[in-house]
Amino acid sequence: MSFALLLAAAIAVGISTKVGLDRHRPAHSWLTASAAPLAQPSRRADPMVGQIAGQMVGQIVMDRLEQINGVEPLFARRLNQSGILTYAEMAALSPAALQSTVAPDGPFNLPTEQWLAQARRLAKGVESL
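If you want our numbering, it's the 1-based position in the sequence shown plus 14.
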């Protein structure tokens with residue numbers, strides 16, 4: 015589930031965002047967001063959008079894959095973009111599938127067996143970070 019889809023659903027049920035540029039502040043502070051109260055949803059919003067958005071928010075589960083020894087943030091991001099969000103989903107991959115997902119262009123010899131073993135332990139709750 016993408017953040018853009020969740021944001022679109024949230025906007026449809028009454029959350030407003032404001033983007034303002036202030037050249038006197040650092041670039042990272044240019045983007046500001048504020049949430050309007052949800053007590054008065056937009057009249058134009060389809061009631062199903064709010065219901066679906068509420069269901070989706072409760073179902074999104076992500077593990078921090080970069081917590082696995084040797085999995086760099088870039089590799090974790092590539093896994094997430096491929097739909098691998100949890101330790102269990104990662105553990106279900108084959109070593110070759112994991113290799114091609116995290117480093118599709120490189121002939122790198124990554125320790126995929128160790129990553130998968132640690133992902134299995136984390137998914138079962140045997141190991142903690």
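All C-beta atoms, glycine included, are put in the ideal place defined by N, C-alpha and C.
From a predicted model like this one, the values you see are computed outputs, not experimental measurements.
Please state the DSSP three-state secondary structure of residue 94. Sequence index remark: in the sequence shown, residue 94 carries index 80 (1-based). Helix at residue 94.
Can you list, in chain order, the residues of its chain whose CB lies under 7 angstroms from that of residue 92, leaving out five sequence neighbours each side? As a working mapping, residue 92 is identified with position 78 in the sequence shown. So the list reads 115, 116, once near-sequence residues are dropped.
Please classify residue 132 as buried or exposed, where buried requires at least 16 neighbouring CB atoms within 10 angstroms. For the purposes of this step, residue 132 is identified with residue 118 of the sequence shown, where counting begins at 1. That one is buried.
Am I right that residue 105 and residue 134 are in contact with their C-beta atoms under 8 angstroms? What's the rounded C-beta distance? What you label residue 105 is simply residue 91 of the sequence shown in a count that begins at 1. What you label residue 134 is simply residue 120 of the sequence shown in a count that begins at 1. Yes, they are in contact, since the Cβ atoms of residue 105 and residue 134 sit about 4 angstroms apart, within 8 angstroms.
Below-7 angstroms beta-carbon distance, residue 85 vs any chain D residue: The structure shown contains no chain D, having only a single protein chain.
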